[in-house]
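Structure record follows, encoded as structure tokens.
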Amino acid sequence: MASSLWLLALIIILLILASAFFSSAETALTAASDARMRQLASKGNDRARIVEALRADREGLIGSILIGNNAVNVLGSALATSIAISLFGEGGLVWATIAMTVLLVVFAEVMPKTYAFTYADQYALKIAPALQLVVRLLSPLSLGLRLLASQMIRPRLDDDHDREEELRGLIELQGSNGNADDRERKAMLSSILDLNELSVDQIMTHRGT
């Protein structure tokens, strides 16, 4: 029993370190100097080239980091809860939540991000190969989630009706000044939009013989 608890505790520590890696990597890759990375890459620095390649696909980079970070945080919290409940019963859930919140905020967020921001260039070069491997492993999942998200939050203005309503609002705003020319322009533009609502029978008139 004791040995299994120590093993779980060790796994939790490793997961916190992994979370710190993801958090610091995001900060370092974002804060690293573009000019410095470009200069080093032009001189043949392989790590700088990796940094540039990773930052060229920012959506893929950030998506992979978020997936990895959330995965290790959730798993770490679940294991901590398991340990706490085995030691303290149901009340251990509260202690596990408090402990993991403090540990993650201090050791997996604040400290690593502060360090990565302070030494952004050096740290980005240092972790570039490892981060590239992680991004490659998680890129299929990241791409799938991004495609799903893009479908779920597609702008409503793609709908023709919404576009028309937006145009009518702009026309109303244009003609709200009271100027005669503006009112005439407003009437003309509104009539153009109204053409879309007319049927063929309404447009065609009978020509008398």
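If you're matching positions, the sequence shown starts at 735 in our numbering and goes up one per residue. Glycine included, C-beta positions come from ideal geometry on N, C-alpha and C.
With DSSP run on the structure shown, which of helix, strand or coil describes residue i?
i	result
S944	Outside the shown range of the chain (735 to 943) lies residue 944, about which nothing can therefore be said.
Y857	helix
I887	coil
Cα separation between residue i and residue j?
i	j	result
A752	I799	11 Å
S737	L821	13 Å
A787	G778	14 Å
V869	A830	30 Å
T848	P863	21 Å
V839	S816	20 Å
N804	A812	12 Å
A782	I832	39 Å
V806	E899	46 Å
L872	V808	17 Å
S757	R772	23 Å
V828	L837	14 Å
A842	L904	49 Å
L774	Q885	39 Å
I887	A765	29 Å
I861	G826	36 Å
L741	A883	37 Å
P874	S776	30 Å
Y853	D791	22 Å
A818	T761	32 Å
Taking a contact to mean a Cβ-Cβ separation below 8 Å, would you say residue i touches residue j in this structure?
i	j	result
A814	I746	yes
I784	Q866	yes
G810	M845	no
G797	R880	yes
S876	G794	yes
R789	D855	no
A858	L739	no
Entirely enclosed alpha helix (DSSP H) segments - the region 801-851, minimum 4 residues:
826-839
Complete runs of the alpha helix (DSSP H) confined to the region 737-784 [at least 4 residues]
768-776
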